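Heads up: the sequence shown begins at 43 in the working numbering, then just goes up one per residue.
Below: one structure, written as structure tokens.
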Amino acid sequence: MGRSVPTWRTRAEVELQALEPFRRALPKQEQPHFDALMDSVRQRRTAGGMLPGHDVWPPFMLSMLVGLMSQVDALERRISELEGMAHGD
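Written as structure tokens, this is what we have:
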């Protein structure tokens with residue numbers, strides 16, 4: 043890949059940049075949440091490039107879901123730690 047077919051990474055970044063008007067239209071307090079989703083996509087670009095196809099949205103969505111699940115897991119661990127402290131475990 044390269045000259046004739048843009049890499050997935052390049053196509054993904056173009057698509058992310060195209061979402062900037064949507065981001066600007068969001069309320070200020072929601073923009074950091076949107077940014078976090080886009081960061082999830084960027085952090086998992088290598089994995090996204092492993093999926094064949096020209097549509098960038100399936101890898102985008104999977105990347106966002108993995109990022110959200112990572113956050114849920116971290117929160118669940120923290121809650122368990124705090125509950126353990128509250129019960130004297």
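C-beta atoms are modelled at their ideal positions from N, C-alpha and C, and glycine is treated no differently.
Everything numeric in this text was worked out from a predicted model, so none of it was measured.
- Residue 101 and residue 48 have their C-alpha atoms some 16 Å from each other.
- Positions of the alpha helix (DSSP H) runs, each at least 4 residues long and wholly inside the segment 86-117, are given as 87-90 in order along the chain.
- Distance check between residue 59 and each of 116, 117, 80 and 85 places 80 closest, using alpha-carbon atoms only.
- Between residue 69 and residue 113, the alpha-carbon positions lie close to 22 Å from each other.
- Annotated three-state conformation of residue 74 is helix, per DSSP.
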